[in-house]
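Take a look at the structure below.
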Amino acid sequence: MPTTPTLSPFLDKPVDPADAKYIVFGAPLDKTSSNRKGTRFGPDAIRRESSYLDTYSQRTGLDWDDLKLADIGDVNCGDVESCLADIEELIKSTDKVPFMLGGEHLITLGALRAVKPDLVIVYDAHLDLRNELFGEHMSHATYLRRGYEELGYKAIVLGARALSSEEVEYAAGNDDLSYITSLNIITG
792 MPTTPTLSPF LDKPVDPADA KYIVFGAPLD KTSSNRKGTR FGPDAIRRES SYLDTYSQRT
852 GLDWDDLKLA DIGDVNCGDV ESCLADIEEL IKSTDKVPFM LGGEHLITLG ALRAVKPDLV
912 IVYDAHLDLR NELFGEHMSH ATYLRRGYEE LGYKAIVLGA RALSSEEVEY AAGNDDLSYI
972 TSLNIITG
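For the sequence shown, the working numbering begins at 792 and goes up steadily by one.
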């Protein structure tokens, strides 16, 4: 399912996936981004910059080098539905702990479908609870709502600062959806 990364693997440490406890994969989706395009470059940009990280944590005593973490490449994000289906299948089918590198917010829906959480905690400036954006029912601004409709989880968004009246009304009408604005966090 995944392809080979176009750049060096995460942390520049090739590990055989069969020996790994953790897997990293990219989901370079950039189909519904508004304002600025470019989220498809995210996975490779993260990989590239990860080679400059210091790997040892003095606080925890852990070293990334000791983790059996394999970069298994990118899922194919040629179109939205197949990208989401591939993410869901990859996460469901692995016995490894997955880490996904994105890509626009919509990729999160594939992961949510795979793990079927009871609670979702989101740190974001936006609620992503729109019904549609620019005529798109499936987009980076609708993924949390689509997931809620499909999976029925509880969700809280922390740090929201840019809200639409539609999203505020939708959250107010659903007891399992809540948010704390960035202003509320600052002022207490």
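Each residue gets a CB set at the ideal place from its N, CA and C atoms; glycine is no exception. Remember, predicted model here, so these are calculated numbers, not experimental data.
ask   = Who are the Cβ neighbours of residue 911 in its own chain at under 6 Å, not counting the five residues just before and after it?
value = 944 and 946
key: Span separating the alpha-carbon of residue 811 from that of residue 948   = 32 Å
request  = Over the uninterrupted beta strand (DSSP E) stretch that includes residue 818, give me the two end residues.
outcome  = Bounds of the beta strand (DSSP E) holding residue 818 are 813 to 818.
ask   = For the alpha helix (DSSP H) that contains residue 914, what are its first and last residues?
value = Premise fails: residue 914 lies in the beta strand (DSSP E), 910 to 914, not in any alpha helix (DSSP H).
query = Going by alpha carbons, who is nearest to residue 870 out of 833, 907 and 930?
reply = 930
Cβ neighbours of residue 819 in the same chain (closer than 6 Å, five flanking residues each side left out) = 831, 834, 865, 868 and 894
ask   = Excluding sequence positions up to five away, which residues of its chain have a Cβ less than 6 Å from the Cβ of residue 899?
value = 934
key: The alpha helix (DSSP H) enclosing residue 834, as first and last residue numbers   = Run containing residue 834: 833 to 841, per the alpha helix (DSSP H) assignment.
request  = Apply the 10 Å Cβ neighbour rule to residue 937 and answer buried if 16 or more other Cβ atoms are within range, or exposed otherwise.
outcome  = Using a 10 angstroms sphere on the CB of residue 937, the tally of other CB atoms reaches 16 or more, which defines it as buried.
key: Residues bridged to residue 899 (per DSSP)   = Looking at the DSSP assignment, residue 899 forms no beta bridge with any residue, so it has no partner.
query = So the alpha helix (DSSP H) residue 942 belongs to, where does it begin and stop?
reply = 934 to 942
inquiry  = In this structure, how does DSSP classify residue 967 when only helix, strand and coil are distinguished?
reply    = coil
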